[in-house]
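Q:
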Amino acid sequence: MTLAIHIGYHKTATTWLQQRVFVPEMGFAPLLDHSEVDRLIIRPHDLDFEPEPARQVLTDRRKDAPSTACAVVSSENLSGHPFYGGRQSAALARRLQSVAPDAHIIVTVRSQETMLPSVYLQYLQRGGTLSHQEFFAGARGYGYPAFELEHFCYDRLVSLYQCLFDFVHVITYEQLANAPNQAFLDLAKSLDHPIPAISKTGAKRVSASLPQAVVPLLRRVNQTRKSTLNPAPAVALSREPGWMYRALTASAKLRVAKPLLKARPIDAYVSECFKSAFTDSNQRLGQITGGHLDLSAYP
């Protein structure tokens with residue numbers, strides 16, 4: 004039975020893949036959930052990590068899975084956390100190699116021009132209070148990890164996985180959004196496992212980011228609610244996501260509000276400040292993946 008491990012990146016339709024694609028109805032047998040991936044692979048300290056517990060769980064569950072299924076582990080956390088520069092990404096790659104050296108690795112990437120704004124909006128949804136300029140500026144003190152542009156130079160991590168594993172398959176978010184069934188045909192060939200076409204209903208997005216125009220308001224809201232990134236606010240009116248976040252989401256959908264919500268200041272900032280930061284990396288990504296990826300939307 005083939006074992007596929009999908010490592011993300013974050014914000015590359017990972018939730019949709021986990022809920023609509025890597026499921027029994029599509030011929031997959033999920034082996035670990037996010038909490039188990041965290042407990043067995045991510046959370047152990049470097050001085051404490053042992054591959055055997057995770058290896059044993061995967062072995063046992065592969066035996067119990069249907070013989071016709073493709074075993075899969077999917078967690079975007081395996082690519083490292085984008086809020087903290089993905090600092091664990093190389094260590095996690097080596098941990099996965101020690102746990103499942105025979106795995107087929109699936110990496111999903113996204114044009115940095117849309118990736119970076121999406122990551123920042125996710126940061127706000129987790130309770131962050133920094134402006135996008137402050138967030139993208141990175142660390143403000145020695146020894147404290149923060150956002151790093153280098154985390155999104157995808158060729159570096161893909162190249163490492165190619166050194167550690169025999170099978171590494173890269174899919175772009177743009178192909179998943181625009182031609183999902185072609186993406187699955189290519190993946191099926193890589194895994195040597197059939198994947199049925201997904202319906203139009205199944206292809207619908209699972210979640211979407213808030214409009215960028217409400218970011219200043221959301222930052223103020225985050226200062227008054229307990230959250231992962233702000234566990235002790237001066238005034239705590241709610242817990243994440245809370246009624247205030249739901250109210251923002253609902254108001255953004257109102258027809259009368261839509262003309263007021265077209266501004267995309269974060270997109271403009273990313274395009275202006277980082278327009279050439281990823282050119283060389285994206286060229287290398289195209290080269291090491293054999294020129295098969297459509298990276299025309301990538302800076």
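If you count by my numbering, then the sequence shown holds residues 4 to 302, one letter each, in order.
A virtual CB, placed ideally from N, CA and C, is assigned to each residue, including glycine.
Note that the structure is a prediction, hence the values are computed from the model and not measured.
Where does Cys73 land, buried or exposed, given buried means 16+ other C-beta within 10 angstroms?
A: buried
Q: Given this structure, state the Cα-to-Cα distance separating Pro104 from Pro199, to the nearest angstrom.
A: 27 Å
Q: With a threshold of 16 other CB atoms inside 10 Å of the CB of Gly130, please say whether the residue is buried or exposed.
A: buried
Q: Which runs of the alpha helix (DSSP H) at least 4 residues long sit entirely within the region 23-63? Give them in chain order.
A: 37-40
Q: Between which two residues does the beta strand (DSSP E) carrying Phe170 extend?
A: Phe170 to Thr175
Q: Check whether the region 25-37 and the region 116-133 are in contact - that is, three or more C-beta pairs closer than 8 Å.
A: no
Q: Can you tell me which of the three DSSP states Val259 falls into?
A: Its pLDDT being 48, under 50, Val259 is placed unreliably by the model, and nothing is read from it.
Q: Return the chain-ordered list of same chain residues with a C-beta closer than 6 Å to the C-beta of Leu35, the five sequence neighbours on each side being excluded.
A: Val76
Q: Go through its chain and collect everything with a Cβ distance to Ala186's Cβ below 6 Å, but skip five positions before and after it.
A: Short of 6 Å from the beta carbon of Ala186, and not among the five residues preceding or following it, lie these beta carbons of its own chain, in chain order: Ile174, Gln178 and Leu179.
Q: On the DSSP bridge assignment, give the partners of Ile109 in chain order.
A: His9 and His172
Q: Rounded to whole angstroms, what is the Cα-Cα separation between Val259 and Phe281?
A: At Val259, the pLDDT of 48 sits below 50, so the modelled position is not reliable; the number obtained from the coordinates is stated separately. For Val259 and Phe281, the distance between alpha carbons rounds to 38 Å.
Q: What distance in whole Å lies between the Cβ atoms of Thr15 and Thr111, which are believed to be in contact at a cut-off of 8 Å?
A: Going by Cβ atoms, the distance from Thr111 to Thr15 rounds to 4 Å, so yes, they are a contact pair.
Q: Can you confirm whether the region 37-44 touches the region 151-164 when touching is taken to mean that 3 or more C-beta pairs between the two stretches lie within less than 8 Å?
A: no
Q: Using a 10 Å radius around the Cβ and a threshold of 16 neighbouring Cβ atoms, would you call Ala266 buried or exposed?
A: exposed
Q: Tell me which residues share the same chain as Pro234 and place their Cβ nearer than 6 Å to its Cβ, disregarding the 5 neighbours each side in the sequence.
A: Short of 6 Å from the beta carbon of Pro234, and not among the five residues preceding or following it, lies no beta carbon of its own chain.
Q: So, Ala106 versus Ile45, is the Cβ gap smaller than 9 Å?
A: no
Q: Where does the unbroken beta strand (DSSP E) through Cys73 begin, and where does it stop?
A: Here the beta strand (DSSP E) through Cys73 covers Cys73 to Ser77.
Q: Just to confirm the assignment, what range does the alpha helix (DSSP H) spanning Ser276 have?
A: A small correction: the amino acid at residue 276 is Cys; Ser does not occupy that position in the sequence shown. Secondary structure note for Cys276: its alpha helix (DSSP H) is the uninterrupted segment Pro268 to Cys276.
Q: Classify Arg159 as helix, strand or coil using the three-state DSSP reduction.
A: helix
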